[in-house]
Each structure stands twice: as C-alpha cells, then as structure tokens.
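Novice: Same order as they appear, the protein sequences are chains A and B.
With the first letter of the first sequence counted as 1, position 339 gets the number 391 in my numbering; the numbers rise by one all the way through.
With the first letter of the second sequence counted as 1, position 241 gets the number 245 in my numbering; the numbers rise by one all the way through.
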Amino acid sequence: MRKIRRVILFLCVLSVAGVSVFFSCGSAADVDFEISIDRNSLPLGSVAQLKLTFNDTQSMPAPQLPRNDGFESRYRGPSTMMSIVNGQMTKSVTHIYSIIPLRVGNYTLGPFTFSHRRNTYRSNSITIHITDGNASPQRPTGQGGVTTARGSAQNALEDYMFMTMEPTKTKGYLNENIPVTIKLYVSQLRVSDIEYPKFSHDGFSAGDFEKPRQYQQLLNGVYYEVVEFNTVIFGTRAGVFSLGPAQLECNVLMKDRSQRRSSGFGGFFGDDIFDDFFGRYERHAVTIAAPAVTLTVLPLPEDNKPANFDGTLGAYSFTVEASPQTVTVGDPITLKMTISGTGNFSTVSVPSLENEEGFKVYAPQIQQKDDAKYFEQIILPTTDAVTEIPKLRFSFFDTEKGAYRTITRGPFPITVHKGTGGETLRIIDMPESAAKPLAKEVLGRDIVYIKEYPGRLRQKGYRGHLSKLYWASFGMPVIVYILFAVLMRRQTRLRTDVRYARKMHAPKKARKGIAHAAECLRHKDVGTFYDAVFKTLQEYLGNIFHVPAGGITVDVIDSLRGKHSIDEEIIVTMRTIFEECDMARYAPSSIDSAKMQETFRALKTVIDEIERCVR
Amino acid sequence: MKSMRQYGKSFFVLGMVVAIVGYIVFAYSYVYADEDKSAYVFYKASTLYEKGQYEEAIAVYEQLIETGQESGNLYYNIANCYFKLDKIGFAILNYERARRFMPRDADLAANYAYAKTFVNEMVLDAEENIVRHFINGLFEKTSSNELAAIVLLLWCVFFGALMLVSLFPRQKKYIRLVLVTLICVTGLSSFALLERVRVADKEAIVITSEIPARFAPFERATTHFTLFEGGMVYIIQKKGTWVKVARSDGKIGWIPEEHLVRI
C-alpha cells in the first residue's frame, strides 16, 4: 500500500514538472518580435534607444543589427519582464541598443529577420528622421548659408570634425628638415581625451610632437575649434614616399536624452534642465583620419660637392671672432664661431681651420639655440713664427637654392711674442688615453646569430607533463609505500606476537616435515618415518594451538574436541597416528609399507583439515 | 637482516618504477630515427639564412616541423628569420616556442628581449598574486618537462623518506625535518607545474600590427582596448571565429581568431 502511494506521488510530481516545462517553452508561433525607438526624430550629435522586444519568452539571445550607413549602433544589454495578472502570466525580454546618427536623412529600420533554434522571427519596421544639429551661438549671422570646409551643407558627422596633415613642402633633400602640421577641426561637438596623432613615415625620421596649440578658426563661414600638432621630419633615403595617412583617437561626448531620470518634480521644471546641469553625456570613441601626402626626397647632387662637406643642410650665415690678437707663445686664443639660419642644425659641425700647423687646437664647446649654433674653440700658438690664424671654412648644401656653398672667414692676423724670463713653453700632453675625453661608445644592436645544429629533436606536440601516463605514475610510489607499510606491519607483528608467529610458520614447517616423511617412506625406513610423522604432527599442533610441542599428548588431543570446529573423525585419526607411532617405536616389524602409506595419507589429511578449520 | 633485504627490495622496486615511467614519458618524446637527414635539412636552411633568403629558410625549417619534429634550436632559427623579415609577431611567437625547450639559453634570452622592444605596447602587468608570482619566478628557467621530472622525483623521494621513518625510528626527528622540507619543495614545484598545465595551449601571440579588442564578438561592438603585434594574450573562450582574450594587465576583450597564433 505504501509503495503504491509512493508511485502515485511520484507520477503527480512528474506531471506537474512536465506541464510547467511545456508551458514555459513558447513555440515560435507564440513569440512576438517587435522593434521600437524612444523618438522618431533625432538631431545629429544625439543618442536614441532602439528596443528589440521578444514577447512570451525570456531566453532569446541578442540579435546582431544589420549595417546601416545612417547610424551606428551599440548593444547596451537585456531587460526581462514577467507579470501575472488575473492568473495570466506574461513575460518578455527586451534587448536595448544605442543609436548614434551619422548623417541627415530618413532611414527605415526593419523589418528585421532573426533565426534562433530553427525558428525565424520577423519584426515590424519603423522610420527615423535624422535632422541637422542645433545652430552654434558663435556662428556669425548674415554670412550666408552654413557650409563646411568641403563646401557642402553639414549633413554628416564627419563634417563637424575632420583632420588635415600638411608638410611645408612636398619636395626636400635627404636629411632636410620638413615641418609637418596636423590640425584637428571640431565644430559643435564636445571632444575629450584627444591623443597625439599617429602617422606612418616610411622613408622619414619623425621627431616628437611639440606641445599642441588650440585656437579658433573661421573656415568657409563656420567657426572651428582647432587643435594643432607640429613636428619635424627629414628623409633618410632618396625616393618618392607616402606620408600618412594620419590617425587620431579621441572621445566624442554625446548627450543621452533617452534615459530620463524621473524626478519628483515631474513636469514643473522639465527634465532638460537637470540633464544639462548634471551633464548626462556618453563617451563614444572615434578615430579621425587625415589623408596621406606624397613627398619626394631628393638625393644631394655629387657635382661641385666641397671636399670638406660633411652633410650640413640648410641656409646659413657664418661669423667668426678671434681674440685676443696679441698673445705670447702658449697663451690661448678664443675663436667664437656663430652659424645661424634655417636648417637641420643636428647636421652642423664645427668649421675646420685650413691648416693647424703652429697651433694646438682643442675641441670646441657647443651651444645651440633655435636658429643658431655657437662654437667656442681654444687654440694655442706653439711658436712665435705664427702670424695669422688660418682661414675657417664652413660648407653646406643650400636647400633653398639647391646648390653647395662654402663660406670662408679669415685669415685673422695675430702677433705672437716669445715667452719671458727664459721660461719656455712646454706643452705636456697627457697620454692619449687620458687626454682625450672618453667618447660615449655607441654600440650596435642586432639579434644573435642562428644556431648551427638542430639540437635534440623531439616529437612535435608531445608534452610529457600533459600525458595521462605521467599523472598515473604518481600512483606508483603510493602503491609501493602501501605495500611496504603492510609488509612492515606484518613483520612487526611476527616479531612481537609469538602466538601469531607460530601459527603463521606452522604450515611451512609442516610441509617440511611431510617432505621428510615422504623421503623416509620412499626408503621404507620405518623407524625414521614414524619419528618424522610424530614430530611433524606434534610440532604442527603445538604451533597451531600455542602449546609446547613436547606437551602434545593423546590427552591434549582429546581436549581439542569441540574447539575450533574440529571434527570427531579428525580427533580419532590423530589418536590413531600417535598410537601407530608408538607401536612403530616398539614393534617396527609389524608395520608394512601399506600401513606406512596409510599413515602418511592420514597425516596429510589431518593437517589439511586443521588448516581449513583454523584459517 | 632478512627484513632489511626485503626493505631494500621495496626501494629497488620504487626506483625501478620511477626510472621506467620517466623513460617512457620523457625519452619517448625524442625522435631518434634519421638524425642525419634532419641535420642536413637544418644545415640547408641555415645556408639560405646566411645568404639572406629568409623566407626560403623558413620554408625549409618548417619542413622539419611538418615531419613531426621540433626543437628549441629550430624555433630559435625560425624566429631569427622572421625577425629579419620584420615580422615581429611571428618572431616573438617562435622565440616563445623556443623558450619552452631551452629557457636558460643566453642567445635566446638576448634576442627575445631585443624583439620585445619592437612591440608597440606599453602595458603594465596586472597586480599578480605575490605567492603565484614568486613561485612562477622560482621555476622560470626550467622547462616544463624538467619541472615535471622534478615533481615526480620529489614525490618518489618523499615516499622513500616515509619508508625511512619506519626503518630508522631513532632518526625520526631528522627524517621528519627532511620530510617537511620535501613537502614544501614538492608543493612549490607542483604548484608551478599545475600553472603550466593550466595555461597550456591557451597562450597566444598577436600577429597583426594592430587589432581592436571589443566588448562583444562582432565588428560593431565598441572597442575596449587595442592589441599590437607581438603582444601575448591568454585565450579564455572561443565563439565561432572570435576568441575572448585577456591581456597581461587583466583587460578582457574579443578579437577574431585569425589575428593570433597559439604558442
């Protein structure tokens, strides 16, 4: 009865579970799919919410919206709803997307078709009207229609924001500095987190950007906020190269009017004020690009190249001052050389004397400012035969004129007197290694050469530490240890528990005794045979029942009756064996080999039976 | 005396088990057949490298891989070829593969460090658990196979020490000290090995110069951060042709699987 009740209860529970599962799974025909938007008219620069709602289900994944040129979409997350009214349960899941309009126009969203678990769902369609943004308060009035830098009406997001990249020239010489200006124009948008632009400059070396400048600029009747980045590049090899395109990443802040916080004041103050006050904006990452520019790097001509030309480029002037002009042998004369102009000052090196005979020349001190480089060099006349400082030559390639130029200054007349008081000048040179300041060693950098041998090749993809055999082998020491522990325990017990030890060793000793008796039986040695039988049985019984072997007598055998489940028949057999052993001792001639065989069999039977009883 | 002989048998059995298992697990992975032919192919590829024919050298080196063989030197040379071809992503990928074989090789360490300077990524590593960082650092210069052998050996020594405690009860105090040390060292090395198992086949290198990692596995999803060529990521999940990856600073995003290669 109880069993029947249990079966009935189980069936009821199963039925209820089955019905709930059945009703919780909506069929495709029962699931509604509809799309909606919080407003149909959107200005550029704002964000709206698009909702894709699946009714009568809560387990629909977010569909991927098809691509549309008019706007960008971003998935915000799901929202589920369930309600029970008058016993009727309704549920739904709504996937919410942010819509960011990109250009003015009318666009139709849907109908969307979505497949899930072999079912297809189709939605309704909605129309969105994307309008132009609000007029900027800074825009001058009466200036004509609003146009962008491209001459068309502002009807796309990129018209509010664009970038240009302009080098000062599109042709330059090798190593010639070419300034590059990248400008970001922004109108009627809030922008933050502006990063430095990046541009590819294959064939050029580019310096770091200077600190960016920010200002306003009127362009085709529209005021733009301009962020200007300046840098300098120079060609590293001759050829025609493409500079850029340049890319700049920033965040555009867009007002999110869709989520209106419900304030307790409701319609009195309106939500717009609070929205503006608290600045509910969303950040959207955008990447602005400026188109690439083609630049030509011309090689320096080989014709008319001065012998002392060392790669200086630009347009320069060169002046020299030498003082004092009257010195004693060994007194220093300072040459102050100034090279000013425009160009790549990193290529400008100290002009050299036409010849240095009669002078000890030291390395100059160099100072550089924006448009000039200063060299201050000390020279010492070593003899009074010197009458002038030789000419100084400075050669460079004039990039404006496209020709080499050499500016020569000097010679500078000087008067050198001999030293007074018999003191002759001895210019002591320190050893080479100490005299010259240690120049900073420029180390090359490259990868180390390849290996010459393949090394130890192994099977591809094989990893020992992931193989099952490896992890299984951890069990082996455990098994060995367990066996060892069992063995140790047994040995300990055999050592400490005499009764147990005797009992364990009894069968082995009995087998030895039986083997000895069998040997005697083969030789038909009656006396030795019965001695062996007696001793074997006596020792066996003594070991098994933990009594001294010599104490095993017929009476002891009788006392085994009823103990250890030993049959009466075995007791009788044991008595018989002992009696036969006694008889053989005193009357061996009465024993024949058949009798001996019988006794031997009886011995084995007794031992086997007792083993079976006591184990 | 008799019992000592029996105990000696236990140790012998234990030692034989370790030796047999170790041989099967690790020696099996080595390829012994036709070493001369492999060396010839390797030499041929190296000659192409010397001539500056890096792409051809890579093709010949990869013939060895296609025959089911690999070694640290092989991946090192392939990485050098890719480096010369300015393919930093593939160069770092192969340097990482070579590091799994020979983590202590000085040439490899130098080239790897140099190649990393070309990775256009300034990412601070996430604050790793101090203990995990310390343990991984201890065994950084050990290959996975070496670490696995160490763990197995320590495990066997541990049980051997347990047997000694039973055999020499008077020396229990000292043997217990050894046991505690063994437990600590075995624990540390096991943790490091389990870390290697956890990340096996999940580490990958980005091979595209620049790829945005997004919040969701489709193109229209918002970009979370950018991954650059040569950067290492950890693959968490795969969905279709997209994979969810974690960067070293802990940031997680989705990228198409074609832009990375598993180490």
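Where a beta carbon is used, it is the ideal one built from N, C-alpha and C, also for glycine.
The model shown is predicted, which means the values in this text are computed figures rather than measured ones.
#1: Using only alpha-carbon positions, find the residue among Arg541(A), Phe581(A), Ile87(A), Gln590(A) that is nearest to Pro15(A).
#2: Any idea what DSSP makes of Ser42(B), helix, strand or coil?
#3: For Val238(A) versus Asn303(A), is the C-beta distance shorter than 8 Å?
#4: To the nearest angstrom, report how far apart Ile566(A) and Phe586(A) are at their CA atoms.
#5: Pro115(A): which of Pro353(A), Phe85(A), Asp90(A) sits nearest, CA to CA?
#6: To the nearest angstrom, how far is it from the Cα of Thr142(A) to the Cα of Ile136(A)?
#7: Give the interface partners of Met133(A) over in chain B, defined as CB-CB distance under 9 Å, in chain order.
#8: Does the beta-carbon of Arg174(B) have 16 or more other beta-carbons within 10 angstroms, so that it is buried, or is it exposed?
#9: Exposed or buried, which one is Thr371(A) when buried takes at least 16 other CB atoms within 10 Å?
#10: Is His517(A) close to chain B? Criterion is C-beta to C-beta, closer than 8 Å.
#11: Would you call Thr193(A) buried or exposed, if buried means 16 or more other Cβ atoms sit within 10 Å of its Cβ?
#12: Note the first and the last residue of the continuous beta strand (DSSP E) segment covering Val238(A).
#13: Taking 8 Å as the CB-CB cut-off, is Val249(B) touching chain A?
#14: Under DSSP, the alpha helix (DSSP H) around Asp634(A) begins and ends at which residues?
#15: What are the boundary residues of the alpha helix (DSSP H) that includes Val169(B)?
#16: Run through DSSP, which three-state label would Phe164(A) get?
#17: In chain B, which residues lie with their C-beta within 8 Å of the C-beta of Met141(A)?
#18: Measuring CB to CB, does His228(B) end up less than 8 Å from Phe222(B)?
#19: If the cut-off is 8 Å on Cβ atoms, which residues from the stretch 184-201 of chain B count as contacting chain A, listed in chain order?
#20: Can you list the beta strand (DSSP E) stretches of 3 or more residues lying completely in the stretch 429-468 of chain A, in chain order?
#21: List the endpoints of the continuous beta strand (DSSP E) containing His228(B).
#22: By a C-beta neighbour count over all protein chains shown, 10 Å radius and 16 as the cutoff for buried, is Ser642(A) buried or exposed?
#23: Taking 8 Å as the threshold (beta carbon to beta carbon), is Gln311(A) in contact with chain B?
#24: Which residues in the same chain as Arg91(A) place their Cβ atom closer than 7 Å to its Cβ, once the five residues preceding and following it in sequence are excluded?
#25: What alpha helix (DSSP H) runs, 4 residues minimum, are completely inside the stretch 69-124 of chain B?
#26: Can you pull the DSSP bridge partners for Arg174(A)?
#27: For Asp90(B) and chain A, any beta-carbon pair shorter than 8 Å?
#28: From the DSSP output, in three-state form, read off Arg551(A) for me.
#29: By the criterion of Cβ-Cβ separation under 9 Å, what are the contact partners of Met167(B) in chain A?
#30: Could you pull out every residue in the same chain whose Cβ sits closer than 8 Å to the Cβ of Met635(A), ignoring the five residues on either side in sequence?
#31: So the candidates are Phe449(A), Ile609(A), Leu295(A); which of them puts its Cα closest to the Cα of Asn356(A)?
#32: Who pairs with Cys302(A) in a beta bridge, going by DSSP?
#33: For Asp84(A), which three-state DSSP category applies?
#34: Could you tell me which whole beta strand (DSSP E) segments of length 3 or greater appear in the stretch 213-262 of chain B?
#35: At a Cβ threshold of 8 Å, is Gln73(B) touching chain A?
#36: In whole angstroms, what is the alpha-carbon distance linking Ala208(B) and Ala113(B)?
Specialist: With the structure as the only source:
#1: Nothing about residue 15(A) can be reported from this structure: the residues present for chain A run from 53 to 667 only.
#2: helix
#3: Going by C-beta atoms, Val238(A) is not nearer than 8 Å to Asn303(A).
#4: Cα to Cα, Ile566(A) sits roughly 10 Å from Phe586(A).
#5: Phe85(A)
#6: 6 Å
#7: What Met133(A) touches in chain B: nothing, since even the nearest Cβ is about 23 Å away.
#8: exposed
#9: Looking at its Cβ environment, which holds fewer than 16 other Cβ atoms inside 10 Å, Thr371(A) is exposed.
#10: yes
#11: Bear in mind that the predicted position of Thr193(A) carries a pLDDT of just 37, short of 50, making it too unreliable to give a figure here.
#12: 229-238
#13: It does not; no Cβ of chain A falls within 8 Å.
#14: 620-638
#15: 148-171
#16: coil
#17: What Met141(A) touches in chain B: nothing, since even the nearest Cβ is about 31 Å away.
#18: no
#19: Leu197, Arg200, Val201
#20: 444-450, 455-461
#21: 227-232
#22: exposed
#23: With a pLDDT of only 46 at Gln311(A), under 50, the local geometry of the prediction cannot be trusted, and the value read off the model is given with reservation. Gln311(A) does not count as touching chain B.
#24: Ala100
#25: 76-88, 92-105, 110-120
#26: According to the DSSP secondary-structure assignment, Arg174(A) is paired through a beta bridge with Thr165(A).
#27: no
#28: helix
#29: Val532, Tyr533, Phe536, Ala537, Met540
#30: Within the same chain, Met635(A) has close Cβ partners Ser642, Ile643.
#31: Phe449(A)
#32: In DSSP, Cys302(A) forms a bridge with Val338(A).
#33: Collapsing the DSSP output to three states places Asp84(A) in a strand.
#34: 214-218, 227-232, 236-243, 246-250, 256-260, all fully within the stretch 213-262 of chain B.
#35: yes
#36: 19 Å
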